[in-house]
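Residue numbers (my numbering): 310 to 729.
From the three backbone atoms N, C-alpha and C, an ideal C-beta is built for every residue, glycine too.
Shown next as structure tokens:
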């Protein structure tokens, strides 16, 4: 007779310890790979919601704003805070942004409103109808190929080819040049590891800017109906935009539209694969593609932070932000704030309301928000209609960044829906 011993109940696995806010270096991309983000930001919100991050060896200190209410308040306040010294840590810590008062994201006041109005004409939903149709068609085609293959890298084989085609269509970039832009943009925003040279990132940025400059010169000679031609032909107060304004605003579309869209689609697929009940709700039609899209955007929060510089002394909670201080607004914390979202650490494709700050808030609300939603929704609808099962074949490979929560590879296999 064999005697079996009853197994002892498994002990609860303690949540990994997170260093206190004062011990964390938010300028170091490695922090965001080593520390559980939910646990980290819970400590910030609970213990130090308006937190002073000390200066580094070569960088000044800065404020870390982690609650939803405080982030929204600063986003709205373009009288006491400016974007013109930079809007991300990289440039703010350097003391300036070379694109200041030339690129929409780092321009304030009347000039910002004027250039934004020029560009908004090209981003009206009615104007973008053919672009939207192209996004859906292209997404279904790429997903169909992925289903037919036994195994794909969802990043390289599918997602890399989606937003760049849209931005390419908007700017009328020749198809043969688009793969180079994907490569340059990835090197600009995030690196594979700490050993990668900052110089390579700068060179990639310059490659895009030089390329857009050549294209803008050609559009001045032969204008078309694209956004680049619109910028090249635009006038503000009777004067044409400067060369820098034309090139840098075109560059910002590539920069913002490509990586953020790729990040949200990849992160969304991972979330659906890891939450089978939510995947079932989407496939069955129990929830709408619109609500699933908003939850994927919130859940992934591609741009972890944006930043401002204070123009005057500003009291906030029990602190005083001094004129000249750098202020960082952490979307990746605000979008999981218990005071703003019910059960925020639950991925819920039916979540409503869902007033996340993925695209910022206030005067600098992202110009490409409509297209960002279009890209994610196109993938959500294609997955629900065409895929029965998602199998992650290995861990996603994260990029090294303190700005975007991005991915360099994700091996996956899709089982297509049977058609009758």
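Check	Outcome
Inter-stretch contact (C-beta, 8 Å, three-pair minimum) for the segment 386-395 and the segment 403-420	yes
For residue 638, three-class secondary structure by DSSP	strand
8 Å contact criterion, which residue 530 and residue 383 should meet: CB distance rounded	Their Cβ separation, rounded to whole angstroms, is 43 Å, which puts residue 530 and residue 383 out of contact at 8 Å.
Cβ-based neighbour list, residue 576, same chain, cut-off 6 Å, excluding 5 preceding and 5 following	609
Inter-residue spacing [alpha-carbon to alpha-carbon] between residue 630 and residue 386	13 Å
Alpha carbon of residue 717 to alpha carbon of residue 465, nearest angstrom	8 Å
Contact under 7 Å by Cβ, residue 349 with residue 557	no
Whole-angstrom distance between residue 682 and residue 627, CA atom to CA atom	37 Å
The segment 531-545 contacting the segment 676-695, beta-carbon criterion three pairs below 8 Å	no
Continuous alpha helix (DSSP H) assignments of at least 4 residues falling wholly in the segment 359-407	377-385 and 398-403
Inter-residue spacing [alpha-carbon to alpha-carbon] between residue 418 and residue 461	47 Å
Beta-carbon gap between residue 607 and residue 515 smaller than 7 Å	no
Through-space distance from residue 432 to residue 721, alpha-carbon basis	34 Å
Own chain partners of residue 712 with C-beta closer than 8 Å, once the 5 adjacent residues on each side are dropped	397, 398, 399, 498, 499, 612, 613 and 614
Entirely enclosed beta strand (DSSP E) segments - the segment 566-652, minimum 3 residues	614-619, 623-625, 628-630 and 635-639
Close beta carbons around residue 659, own chain, < 6 Å, minus the five adjacent residues each side	596 and 600
When 693, 552, 677 and 509 are compared against residue 598, the one with the closest alpha-carbon	693
Inter-stretch contact at 8 Å, needing at least 3 Cβ pairs: the segment 508-523 / the segment 463-479	no
Rounded straight-line distance, which links the Cα of residue 632 to that of residue 468	42 Å
Coarse secondary structure for residue 410, derived from DSSP in three states	coil
Among 709, 390 and 428, nearest to residue 622 - alpha-carbon criterion	390
Residues near residue 376 by beta carbon distance below 6 Å, same chain, minus five either side	354, 358 and 646
Every unbroken alpha helix (DSSP H) inside the segment 456-521 [4 residues or more]	472-480 and 487-498
Exposure of residue 494, with buried meaning 16 or more beta-carbon neighbours within 10 Å	buried
For residue 723, the three-state DSSP class (helix, strand or coil)	strand
Short Cβ contact (7 Å threshold) for residue 706 with residue 656	no
Residue span of the alpha helix (DSSP H) that contains residue 701, given as start and end	No alpha helix (DSSP H) holds residue 701; the beta strand (DSSP E) holding it covers 696-701.
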